[in-house]
Amino acid sequence: MASQTITINGNNPNIQPFLLRKAFDTHVHVFDPRLGPYATGRAYTPEDAPLESLIAFNQRLSKDPNENTIILVQPSPYKNDCSVMLQCLRKLKTQNVNAFGIAVLNLDVTTDAELKGMHGLGVRGIRLNLQADGKEVSVENLVSALQRTADRIRYLPGWIIQLFVPGWSWDCLHDTIRDLPVRVIADHLGGMLGPSKLPSTLQLNPTSQPGFKSLLSLAKQGRIFVKISGLYRMSNEMSMNFSDLQSIVQSFATEIPDQIIWGSDWPHTGDGHSRLNKSLEMKEPFRIINNSGILEQLREWMGDDVYSKMLVENPIGLYQN
Ligand SMILES: [Zn+2]
1 MASQTITING
11 NNPNIQPFLL
21 RKAFDTHVHV
31 FDPRLGPYAT
41 GRAYTPEDAP
51 LESLIAFNQR
61 LSKDPNENTI
71 ILVQPSPYKN
81 DCSVMLQCLR
91 KLKTQNVNAF
101 GIAVLNLDVT
111 TDAELKGMHG
121 LGVRGIRLNL
131 QADGKEVSVE
141 NLVSALQRTA
151 DRIRYLPGWI
161 IQLFVPGWSW
171 DCLHDTIRDL
181 PVRVIADHLG
191 GMLGPSKLPS
201 TLQLNPTSQP
211 GFKSLLSLAK
221 QGRIFVKISG
231 LYRMSNEMSM
241 NFSDLQSIVQ
251 SFATEIPDQI
261 IWGSDWPHTG
271 DGHSRLNKSL
281 EMKEPFRIIN
291 NSGILEQLRE
301 WMGDDVYSKM
311 LVENPIGLYQ
321 N
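Here you go:
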């Protein structure tokens with residue numbers, strides 16, 4: 001079949017949609033300067049990605065878009081000002097689109113009453129994103145951020161912490177997360193790299209890379225959900241739909257089938273490494289990603305049952321009303 005997302009059209013009966021009924025896309029962003037300005041000191045300025053385009057994207061991929069759920073994730077150019085995301089959650093509610101949100105907040109200035117208000121709008125967690133600016137991550141800072149965040153949100157029903165960190169960090173975070181009063185979502189394959197991005201010593205056996213065992217162990221204890229998303233951040237094999245990630249994805253599918261969820265990561269922003277010293281005046285283009293091709297591949301790698309768990313059953317249990 002033709003391999004670009006743009007060629008998939010809901011009106012064409014010959015083209016099969018790829019999301020199952022009641023599927024969750026657990027990782028999407030809205031970038032809309034009409035709704036609110038980006039933060040000063042942000043790492044990059046993205047192209048526009050308004051809510052209407054997000055809904056159109058979801059519908060193109062779906063069999064029954066009305067029954068889908070999308071999770072808006074606060075993207076880094078807005079830093080900890082979630083007002084654009086909250087506006088979108090309100091709008092989606094009026095349009096009867098099922099949606100939740102994951103916020104980024106400065107918890108020192110956010111009151112419990114404000115958190116409760118956000119819960120009412122569908123926010124279900126806090127994202128700690130320490131990779132967007134391409135700088136190094138300090139484990140000590142991360143451990144204390146995890147503990148402080150968990151302490152504030154533990155009383156809010158269904159709230160989780162979402163974390164995008166390099167794969168090796170799970171070794172250092174294992175005991176902290178094991179004992180945390182809230183569960184964690186590991187973004188983008190938990191940061192596990194495919195052979196095309198690994199040093200030669202690890203290329204033959206990518207599941208032996210640092211952090212992998214700890215991540216699986218936390219998931220088996222029910223403490224972590226691994227998000228199958230952002231494959232293009234973990235592999236350079238663009239033309240092959242990132243097929244070097246097969247052993248990693250299959251290991252998740254076999255070992256922790258009840259702890260995986262899927263996210264398109266629409267509109268597919270670039271990554272931190274290419275951003276250092278770039279001008280903020282320039283809008284950074286999005287990647288062009290063959291989402292249907294990736295979904296097809298995931299289904300093949302996992303089998304129908306686990307594929308359905310990832311898209312439907314697992315996220316239903318995680319994002320509660
Ligand atoms: Zn993203």
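The numbering of the sequence shown is full-length UniProt numbering, which starts it at 1 and goes up by one.
Here a beta-carbon is modelled for each residue, glycine too, at the ideal position from N, C-alpha and C.
The structure displayed is predicted, hence computed values, not measured ones.
Query, Result
"Bridge-paired residues (DSSP) for Gln297", "Gln297 pairs with nothing; no bridge assigned."
"Asn98, enclosing beta strand (DSSP E) - first and last residue", "Asn98 to Ala103"
"Inter-stretch contact at 8 Å, needing at least 3 Cβ pairs: the stretch 237-249 / the stretch 190-202", "yes"
"C-beta contact flag for Val184 and Ile153 at 8 Å", "no"
"Separation of Thr111 from Ala39, as counted between CA atoms", "21 Å"
"Counted within 10 angstroms of its Cβ, other Cβ atoms place Arg148 as buried (16 or more) or exposed", "exposed"
"Distance between Asp32 and Ala113 (C-alpha atoms, nearest Å)", "27 Å"
"Rounded C-alpha distance that separates Tyr44 from Phe164", "17 Å"
"Contact belief for Leu105 with Asn80 at Cβ below 8 Å, rounded distance in angstroms", "5 Å"
"Same chain only: Cβ atoms within 6 Å of Glu284, ignoring 5 sequence neighbours per side", "Tyr44, Pro46 and Gly270"
"Between the CA atoms of Val226 and Leu220 - distance to the nearest angstrom", "Note that residue 220 is Lys in the sequence shown here, rather than Leu. Approximately 11 Å between the Cα atoms of the pair."
"Neighbour-count burial assignment, Arg60, 16 or more Cβ in a 10 Å radius", "buried"
"Contacts around Met238, its chain only, beta-carbon distance under 7 Å, and the 5 residues preceding and following it disregarded", "Tyr232"
"Straight-line Cα distance separating Phe242 from Trp168", "21 Å"
"Which of helix, strand or coil DSSP assigns to Lys79", "coil"
"C-alpha gap between Ser217 and Arg34, whole angstroms", "44 Å"
"Asp271 Cβ short of 7 Å to ligand 1 heavy atom set", "no"
"When Leu20, Thr94, Gly101 and Arg42 are compared against His29, the one with the closest alpha-carbon", "Gly101"
"Any non-hydrogen atom of ligand 1 within 7 Å of His29 CB", "yes"
"8 Å contact criterion, which Leu115 and Leu156 should meet: CB distance rounded", "6 Å"
"Heavy atom of ligand 1 within 7 Å of Val73 beta-carbon", "yes"
"Alpha-carbon to alpha-carbon, Gly125 and Val139", "21 Å"
"Ala186 vs Ile224 beta-carbon contact at 8 Å", "yes"
"Close beta carbons around Val312, own chain, < 8 Å, minus the five adjacent residues each side", "Leu20, Arg21, Lys22, Ala23 and Phe24"
"C-beta atoms of Ser229 and Ser264 nearer than 8 Å", "yes"
"Extent of the continuous beta strand (DSSP E) to which Ala150 belongs", "Where Ala150 is concerned, there is no enclosing beta strand (DSSP E), although the alpha helix (DSSP H) it sits in stretches over Val139 to Ile153."
"Beta carbon of residue 410 nearer than 8 Å to that of Pro65", "This structure cannot settle anything about residue 410, because the visible part of the chain is limited to 1 through 321."
"Three-state secondary structure (DSSP) of Asp25", "strand"
"With 16 other Cβ atoms within 10 Å as the buried cut-off, status of Pro199", "exposed"
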